[in-house]
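Participant: For the sequence shown, the positions run 1 to 224 when the UniProt record's numbering is used.
Right, I'll just put the structure down here and ask away after.
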Amino acid sequence: MKSYTGTTYSRKDDKLTISRRHFVAAGSTLPFAATTVAGVFAPRDAQAAKPQILESDHVLGFPTAPVTIIEYASLTCGHCGNFHKHTFGGLKKNYIDTGKVKFVYRHFPLDRFAFIAAILAECAGDDSKFFEMVDVLFEQQDNWTRQEDPALALIELGSQNGVALEEFVNCLTNQELVDAIASESLIGSSQFGVDSTPTLFIQGEKYERSRTFEALDSYLKTLT
């Protein structure tokens, strides 16, 4: 979970056939993630704090951009999917790529499969690959989340986008990675009052207006 300041995507299209036997081997680790996420969302009193960019964050954009947007999202959240499919493209083109905004993505998985998908995104490689995988997961959300077994669908999706089965299994059993995702979610809940997704913070303030590009564009013009 590191910083990324470039703005160019280069998606891989490699494909790998996943057998049921392979899935069983990988699936034996999945309750590990599920156990962790189960304890993340216990009720807590939110503190009056404003989120700041951390060294561990995934950051898209130029470091000199004057405005910071932080998103807490769950990869199984339909509203998050709509934001990334219908709003994020305009935000990236008009604000991130032009140096006006830097965008931070943070995990807030709402269920077991969202946690597994978060691990897949972290497992994708360097930070540019992380954002590519998040893009893929949201673009194909309606497909993989509706499969009989979303975990198997995630393994197949990973293999099609450069994450080999063995590498994914290693990430699923990486205690440090699992703890980092859980901690990111817990801090969002306990310190910043995040209780739904997507939650956006702009310049440290929770943004509670419409998440259409038109609404965001109108708001951001007052800041840039």
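Even for Gly, the Cβ is constructed at its ideal location relative to N, Cα and C.
Being a predicted model, the structure only gives us computed values, none of them experimental.
Could you pull out every residue in the same chain whose Cβ sits closer than 8 Å to the Cβ of residue 50, ignoring the five residues on either side in sequence?
Facilitator: 192, 201, 204 and 205
Participant: Curious, which full-length alpha helix (DSSP H) runs of at least 4 residues does the region 142-214 contain?
Facilitator: 150-160, 165-172 and 175-192
Participant: Leaving aside the five residues before and after residue 157 along the sequence, list all residues of the same chain whose C-beta is less than 8 Å from its C-beta, in chain order.
Facilitator: 120, 136, 137, 140 and 144
Participant: Is it buried or exposed, residue 209, if we count other Cβ atoms within 10 angstroms and call 16 or more buried?
Facilitator: exposed
Participant: Run through DSSP, which three-state label would residue 55 get?
Facilitator: coil
Participant: Can you give the beta carbon distance from residue 60 to residue 131, rounded, assuming they're within the 8 Å contact cut?
Facilitator: The pair is a contact, with the Cβ atoms about 6 Å apart (cut-off 8 Å).
Participant: Give the range of the beta strand (DSSP E) segment to which residue 103 is assigned.
Facilitator: 101-107
Participant: For residue 81, collect the residues of the same chain with a Cβ closer than 7 Å to its Cβ; drop the 5 residues on either side in sequence, then sort them by chain order.
Facilitator: 138 and 141
Participant: Which word fits residue 146, buried or exposed, when buried means at least 16 other C-beta atoms lie within 10 angstroms of its C-beta?
Facilitator: exposed
Participant: What do you get for residue 198, buried or exposed, if any count of 16 or more other CB atoms within 10 angstroms of its CB means buried?
Facilitator: buried
Participant: Helix, strand or coil for residue 73 per DSSP?
Facilitator: strand
Participant: What are the boundary residues of the alpha helix (DSSP H) that includes residue 91?
Facilitator: 88-91
Participant: For residue 167, which residues in the same chain have their Cβ closer than 7 Å to its Cβ, ignoring the five residues on either side in sequence?
Facilitator: 123
Participant: Give me the Cα-Cα distance between residue 64 and residue 57, rounded to the nearest whole angstrom.
Facilitator: 16 Å
Participant: Among 184, 160 and 113, which residue has its Cα nearest to the Cα of residue 104?
Facilitator: Nearest neighbour of residue 104 by Cα position, chosen from 184, 160 and 113, turns out to be 184.
Participant: Is the CB-CB distance between residue 116 and residue 164 below 8 Å?
Facilitator: no
Participant: Decide if residue 224 is buried, meaning its Cβ has at least 16 other Cβ atoms within 10 Å, or exposed.
Facilitator: Under this definition residue 224 is an exposed residue.
Participant: What residues match up with residue 68 in a beta bridge as DSSP calls it?
Facilitator: 102
Participant: Assuming residue 133 and residue 161 are in contact, meaning their beta carbons sit under 8 Å apart, how far apart are those beta carbons, in whole angstroms?
Facilitator: 6 Å
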